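I have placed the structure first, in the form of structure tokens, so that the comments after it can refer back to it.
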Amino acid sequence: MTKIKVRFAPSPTGHMHIGNTRTALFNWLWAKKMGGEFMLRIDDTDFARSKKEYEDSMRESLKWLGLVWSSEARQSARFERYKEVTEKLIQDGRIYPCYETPEELEFKRKRALSKGLPPIYDRQALNYTKEDIANFEKEGRKPHYRFKLNDGEIKWNDAIRGEVKYEASNLSDPIIIREDGSYLYHLPSVIDDSDFGITHILRGEDHVTNTASQIQMFEAIGGFVPTFAHLPLLTGKEGKLSKRLGSLGVRELRADGVENMAICSYLAKLGTSEEIRSFYSLEDLAQTLDFSKIGRAQPKFDVEELKHFNVKHIHTMPFDAVKDRLKVNEEFWNDVKANLEKVEDVDVWNNICNGEVSPQVENKTLTDMAADLLPKEPWTDETFNVWLGEVKAKSGLKGKDLFHPIRLALTGEASGPELKTLLPLIGYKKAYERLKGNKA
RNA sequence: GGUCCCAUCGUCUAGUGGUUAGGACGCGGCCCUCUCAAGGCUGCAACACGAGUUCAAAUCUCGUUGGGAUCACCA
Numbered sequence: 011m012t013k014i015k016v017r018f019a020p021s022p023t024g025h026m027h028i029g030n031t032r033t034a035l036f037n038w039l040w041a042k043k044m045g046g047e048f049m050l051r052i053d054d055t056d057f058a059r060s061k062k063e064y065e066d067s068m069r070e071s072l073k074w075l076g077l078v079w080s081s082e083a084r085q086s087a088r089f090e091r092y093k094e095v096t097e098k099l100i101q102d103g104r105i106y107p108c109y110e111t112p113e114e115l116e117f118k119r120k121r122a123l124s125k126g127l128p129p130i131y132d133r134q135a136l137n138y139t140k141e142d143i144a145n146f147e148k149e150g151r152k153p154h155y156r157f158k159l160n161d162g163e164i165k166w167n168d169a170i171r172g173e174v175k176y177e178a179s180n181l182s183d184p185i186i187i188r189e190d191g192s193y194l195y196h197l198p199s200v201i202d203d204s205d206f207g208i209t210h211i212l213r214g215e216d217h218v219t220n221t222a223s224q225i226q227m228f229e230a231i232g233g234f235v236p237t238f239a240h241l242p243l244l245t246g247k248e249g250k251l252s253k254r255l256g257s258l259g260v261r262e263l264r265a266d267g268v269e270n271m272a273i274c275s276y277l278a279k280l281g282t283s284e285e286i287r288s289f290y291s292l293e294d295l296a297q298t299l300d301f302s303k304i305g306r307a308q309p310k311f312d313v314e315e316l317k318h319f320n321v322k323h324i325h326t327m328p329f330d331a332v333k334d335r336l337k338v339n340e341e342f343w344n345d346v347k348a349n350l351e352k353v354e355d356v357d358v359w360n361n362i363c364n365g366e367v368s369p370q371v372e373n374k375t376l377t378d379m380a381a382d383l384l385p386k387e388p389w390t391d392e393t394f395n396v397w398l399g400e401v402k403a404k405s406g407l408k409g410k411d412l413f414h415p416i417r418l419a420l421t422g423e424a425s426g427p428e429l430k431t432l433l434p435l436i437g438y439k440k441a442y443e444r445l446k447g448n449k450a
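To convert, note that position 267 of the first sequence is 277 in the working numbering; the numbers rise steadily by one, no gaps.
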């Protein structure tokens, strides 16, 4: 059995978004689970839209997510190779020149549609005479090229969708070279997958039809046909795949305090029969990947749900998973994590316990009394209960009337970890001053 | 419009002819805490529609409706 190799092949025409991330993640997880290799390939054949800035941004997001790659390639650096293959394919009669303008093509499509016909390319270019071509050249028209699909049934066994088949006659011959000589994604992608020994192609189901034509390309260049797996596309809350989903960037999520492993856990399990639960390492998550548990329907992605999941993810996050980013020790982390909405908020509590806080005085009589009753250190586990019992007895207050003013005075916040946990962390001196209404 | 895919609680899903249609998330209630949060328990809630096959259909067949993908000189 050959070693498996997968690739994530983004086009640097935007930042990493949730759809991209999901594809990259599944590829990475599959490689990890199978002990294979994960490759990054920059599909920058579209000069007009590709930008270095986006490429850098994607690399950064990928690294932040933990989706590291062990090798990489760039399509714009491989044009010589594509040209070589193309020339051979032209000789084989699998690639042919066409001279229609985009406008003419658009017109043909519209006309076909209005007649109730499928807007499939009519292969008019296959019937050009030498004179036709000479005339086009004389007009100054430059050819674009299409890959000729052979008639017949194309089928493959999709790792997610099972057996898939298409009749080639229902497909358009894909354009593979633009009028300006640049390549479109189809053929370079196949050449690269073949040259780099990609064994599995996992991508969104928007590519299923492409797969049919690409299988013929793999065969035409004499390459190994990889195994395909097509993930159902994520849809937005409203049903349609919204533009918002496309623009929902990893960078924004990160800035909002969403944890990388929350994103990965959520995306890996959404749309599967497994419950969405937190994983704290990609390796653990990888072991649970199972194509047979991926549904065929399109799951709805809801960013609010992700954010909610993220909060729970933080509440149970082990110290080891965050310690590199923390200034506090394990005990402190465990005391406050269940109240955090973002990891960085641990600083807020660190400051409340160790820094200076301006107390809010809600019931001065009560907090003054509480200050006077507060025993000096050393404290024991029972100190808080004993102290509060006295305050309760003396003030006659209980429940919220009792706790709220004290919490506000002690922490300056209306909610947070249990006061019993917090008090020892704050210490006598600060606690006393704050209860007295002084900044401390 | 052609081709392909899909359809079970609000959401993600289990279910492969006989189930009180199960779980998870969310939502409601209760409990725990002398407060909030966190936590525990519990409740509400679904087979898109219509035929057919069958003793029996969420499950099989056909149709309808609805959703999605693709049919780009984007990837």
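For glycine and all other residues, C-beta sits at the position ideal for the given N, C-alpha and C.
Values in this document were obtained by computation on a predicted structure and should not be read as measured data.
Annotated as distal: M26 and V268, with beta-carbon spacing of 8 Å or more. Non-local beta-carbon contacts of I225 in its own chain, meaning distances under 8 Å to residues more than five positions away in sequence, involve I164, W166 and V235 in chain order. With contact defined as three or more Cβ pairs closer than 8 Å, the region 22-41 and the region 69-88 are in contact. Annotated three-state conformation of K449 is coil, per DSSP. Q308 and N145 have their C-alpha atoms some 49 Å from each other. Check the Cα spacing between T377 and each of N361, G365, S405 and P388: the tightest is with S405. The beta-carbon separation of H240 and S275, rounded to 22 Å, does not stay under the 8 Å limit for a contact. According to the DSSP assignment, E173 belongs to the beta strand (DSSP E) that extends over G172 to E177.
With a threshold of 16 other beta carbon atoms within 10 Å, Q85 meets it and is buried. Considered as a whole, the region 216-297 harbours 218-230, 253-257, 260-265, 270-279 and 292-297 as its complete alpha helix (DSSP H) runs of no fewer than 4 residues, in chain order. Look at E113 here: in three-state DSSP terms it is helix.
For F48, the uninterrupted beta strand (DSSP E) run begins and ends at E47 to I52, by DSSP. Between Q134 and the set E215, Y109, R121 and F117, the nearest pair of CA atoms involves Y109. The continuous alpha helix (DSSP H) containing A331 extends over residues F329 to V332. Assigned with DSSP and collapsed to three states, A83 falls in strand.
Put simply, the region 390-403 does not touch the region 440-449. Fewer than three CB pairs are less than 8 Å apart. Rounded to whole angstroms, the separation of the alpha carbons of S368 and T390 is 26 Å.
Residue environment: K158 is assigned as buried (16 or more neighbouring CB atoms within 10 Å of its CB, all protein chains considered). In terms of Cβ geometry, S124 and S60 do not form a close pair [threshold 8 Å]. The three-state reading of DSSP puts G214 in strand, counting E and B together.
The region 45-64 makes contact with the region 192-204: 3 or more CB pairs, one atom from each, lie closer than 8 Å. Judged by pairs of C-beta atoms under 8 Å, the region 283-294 touches the region 316-330, as three or more such pairs exist. In this structure, D168 places its C-beta atom within 8 Å of the C-beta atom of F238. By the neighbour-count criterion, in which 16 or more other beta carbons inside 10 Å mark a residue as buried, D203 falls on the buried side. With respect to M49, E82 sits close: the two C-beta atoms are nearer than 8 Å. In the three-state DSSP reduction, R156 falls in the strand class (E or B). By the Cβ criterion, the region 347-356 is not in contact with the region 380-399, since fewer than three pairs of Cβ atoms, one from each stretch, lie closer than 8 Å. In this chain, V321 is not harboured by any beta strand (DSSP E); it is covered by the alpha helix (DSSP H) spanning V313 to H325.
Note on geometry: alpha-carbon atoms of T375 and T431 lie some 24 Å from one another. A distance below 7 Å between beta-carbons, with the five flanking residues on each side excluded, links Y106 to the following residues of its chain, in chain order: A135, L136, Y155, R156 and K158.
Here the C-alpha atom of S425 lies approximately 19 Å from the C-alpha atom of N320.
DSSP places N167 inside the beta strand (DSSP E), whose first and last residues are E163 to D168. Here R444 is not near L429, since their CB atoms are 8 Å or more apart. The beta carbon of V356 sits closer than 7 Å to those of L336, V338, W343, V346 and L350, all from its chain and outside the five residues before and after it, given in chain order.
Taking the Cα of S67 as reference, the smallest distance to any Cα among S223, R264, I187 and K303 is reached at R264. Cβ atoms of I170 and F301 come within 8 Å of each other, at about 5 Å.
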